[in-house]
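What follows is a single structure, written as structure tokens, with notes after it.
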Amino acid sequence: MSRLSQNIINLLKDDIVNILYENSLKPLFTNEIAVIIRRDNEFTKRLLIELKNLGIIEDIKINNRKRSYLLRKKWRISNNVLKNYE
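Per my numbering, the sequence shown starts with residue 1, numbered consecutively.
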């Protein structure tokens, strides 16, 4: 696997934030985001965790039935960032 430059990684993070902003009403699974940006799940998950640590996005651990996700996570853009976009 070839190494990606930090510039490319930052562009991919921007793409992830744009995808989550466009779908702000519907949280997306890691797999769905990976398909959209055409990267593998583990690499996408690493980028999502980095964005979460920066406070840009949030992970959702509980579904609509109040049961926690065991193997998957849904992601959405944080409310503070959403307010700043508007």
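Note that the Cβ used here is the ideal one computed from N, Cα and C, for glycine as well.
*Would you mind listing the beta strand (DSSP E) stretches within the region 32-70 that are 3+ residues and don't spill past its ends, in chain order?*
57-60
*Pair every Cβ in the region 57-76 with every Cβ in the region 34-42, then say whether three or more of these pairs are closer than 8 Å.*
With the cut-off at 8 Å, the region 57-76 and the region 34-42 do not touch.
*Out of curiosity, what's the CA-to-CA distance linking residue 82 and residue 13?*
Reading the sequence shown from its first residue, position 82 is the one you call residue 82. Reading the sequence shown from its first residue, position 13 is the one you call residue 13. Computed Cα separation, rounded: 16 Å.
*Who are the Cβ neighbours of residue 24 in its own chain at under 8 Å, not counting the five residues just before and after it?*
Mapped onto the sequence shown, residue 24 falls at position 24. So the list reads 76, 77 and 82, once near-sequence residues are dropped.
*asked:* Here's a check: name, in chain order, each residue in its chain whose Cβ is nearer than 6 Å to the Cβ of residue 72, leaving out the five neighbours to either side.
replied: By one-based count along the sequence shown, residue 72 stands at place 72. In its chain, beyond the 5 residues on either side, 29 have a beta carbon closer than 6 Å to the beta carbon of residue 72.
*Determine the extent of the alpha helix (DSSP H) in which residue 13 is found, giving its start and end residues.*
On the sequence shown, residue 13 is found 13 positions in, with the first residue counted as 1. Segment 6-22, the alpha helix (DSSP H) holding residue 13.
*Under the three-state reduction of DSSP, which class applies to residue 28: helix, strand or coil?*
Taking the sequence shown and counting its residues from 1, one reaches residue 28 at position 28. Strand, per DSSP.
*Limits of the beta strand (DSSP E) - the one that residue 73 falls within*: Within the sequence shown, residue 73 is the residue found at index 73, counting from 1. Element bounds for residue 73: n/a, residue is neither H nor E.
*residue 11: buried (16+ other C-beta within 10 angstroms of its C-beta) or exposed?*
On the sequence shown, position 11 is the one that residue 11 refers to. Answer is exposed; the Cβ neighbour count stays below 16.
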